[in-house]
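For reference, the structure discussed in these notes is given below.
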Amino acid sequence: MPATLDLAQISVPEPARHFAAPCEFVAGDKTDAVPVHIAARTAEPLDHWYWGRCVHDLDGCNVHKERLALDYCHDDDQIVGFLDGFEHREDALWCDGQLVLTTDRAREILANHKAGVPYEASIAFDLDDGLVVEQLSQGATAQVNGRLLEGPLLIFRQWSLRGVAICPHGYDKHTHTEFCRSNPAAARFTAPAVDPAAESDDDPAETPEDEAAPDPDAENGDAAAPPATDEPTPEAQPVDQIDDQAAGDPPPADATEQRAREGAAFVAEFGETRGAAYFVRGLSLEAARAEFTRDLAAENDQLRTRLAAIGAELGDSEPAEFADGEPNQPNQTASGRSAKQLQNALPTRLASFALGLRLPGRN
């Protein structure tokens, strides 16, 4: 049976709340507003970077008020219109409204769209107030949006549409543009009653997933079947009991935080430029240290070559050496003039470095 998800015990990253979708602008005669037509969420499953394979039950969607604000990239300070029409169709949840041309951002969106820039819509559904989720294990089946779907699959049975944004691309770069819609908000849910008998009466003959499933699953695998009659092969589990090793499961809650800590360690040890480069390449900390040492050696060789050339220009026949102890301080005599020449000939940082070197034959 569907289970209420207690998000107080689960750390879900903010981008995991978002699903992007295509956004259409409908031609109109008004100069102060332009109609918009948005497929907020399709009826098909999608592969999400955090949730895995998942689908939203369109019958379980509740819009928390009659009119929703339409903003730009989920920025509450950039309201560009509103949505006041919501319709569940066979293919998607469609939203209609107006792009209100009273702000520079709204006018920019319309101008870009006319020039061919593709925009997407991004919806938010609340994860903190009554979300009902169903987990299908491998081979289990359930009716969703008039289709018989097979697990592994995460089903958002009850969810709330809270806000919608227009974005130049999907809010989450990991989601697929063709199915995604996203929003970061909160909402209330109306839970549709699940009728096991009705689901059992559905004729799955035309559904490809059912043809591939074994007969026992076809008889006992409906997601809404009562647990008392379905104990041998339960198909739905509370999300907090999902096996982390099952295919399609979301990653561990602390995976994103762990990744962030690892990246911060690289930046702290090697600096922003090198640290980020090593981390993105997937190097281990030991491998990064080895490469860092090689990089520094190569840079030192380059510095020695440049300093030798400068020494030759100053009349020295021997190569420069690194000084022991404190750097020699320039004075107002010949060495002071040499320091001035170095400062004029080299970039600031390299000149400062060079002043810490001792040239043969000089004090």
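Counting from 225, one number per residue, gives the positions in the sequence shown under the numbering used here. Note that beta-carbon positions come from the ideal geometry of N, C-alpha and C, so glycine has one too. Treat the numbers as computed from the prediction; the structure is a model and nothing was measured.
A Cβ-Cβ distance of about 22 Å is found for the pair G370 and S361, leaving them out of contact under the 8 Å criterion. L317 and F310 do touch by the CB rule: their CB atoms are close to 7 Å apart, below 8 Å. Membership of N286 in the beta strand (DSSP E) is indicated by the continuous run 285-287. V279 has its alpha-carbon roughly 5 Å from the corresponding atom of I379. Cα atoms of L531 and D328: separation of roughly 55 Å, rounded to the nearest angstrom. Counting only runs that start and end inside the stretch 264-323, the beta strand (DSSP E) elements of at least 3 residues fall at 270-272, 276-280, 285-287, 292-296, 299-312. Partner residues in the beta bridge of T365, as assigned by DSSP, are E374. Residue environment analysis places E314 among the exposed positions, since fewer than 16 neighbouring C-beta atoms fall within 10 angstroms of its C-beta.
By the Cβ-count criterion, E290 is exposed, with fewer than 16 other Cβ atoms from all chains shown falling within 10 Å of its own Cβ. In the displayed model, V491 falls within a helix according to three-state DSSP. The count of Cβ pairs closer than 8 Å, one atom from the stretch 337-345 and one from the stretch 384-393, reaches three, so the stretches are in contact. Secondary structure at L385: strand, using DSSP grouped into helix, strand and coil. Straight through space, the alpha carbons of A339 and I333 are spaced by roughly 10 Å. Residue nearest to A264 within the set G499, I347, L292, G506 is I347 (criterion: CA-CA distance).
By the neighbour-count criterion, in which 16 or more other beta carbons inside 10 Å mark a residue as buried, Q482 falls on the exposed side. Rounded to whole angstroms, the Cβ separation of G284 and Q382 is 4 Å, and the two are in contact under 8 Å. By the 16-neighbour rule on beta-carbons within 10 angstroms, S384 is buried. With a threshold of 16 other beta carbon atoms within 10 Å, R386 meets it and is buried.
For A257, the beta-bridge partners assigned by DSSP are V324. In this model, R505 and G487 are separated by some 11 Å (Cα to Cα).
In this structure, the beta-carbon distance from Q302 to V258 does not fall below 8 Å.
Under the three-state reduction of DSSP output, G506 falls in the coil class, being neither helix nor strand.
Here the alpha carbon of A511 sits roughly 12 Å from the alpha carbon of F494. Taking each of F349, R498, A330 in turn and checking the Cα distance to H288, the smallest one comes out for F349. Shortest Cα-Cα distance from L294 to any of G276, D320, H312, W273 involves D320. When C-alpha distances from L282 are compared across H312, W273, A330, Y296, the shortest belongs to H312. When rounded, the separation of the alpha-carbon atoms in V304 and V324 is 6 Å.
In the three-state DSSP reduction, G354 falls in the coil class, being neither helix nor strand. A339 carries a coil assignment under DSSP once its states are collapsed to helix, strand and coil.
With contacts defined as CB atoms closer than 8 Å, F516 and F503 fail to qualify as a contacting pair.
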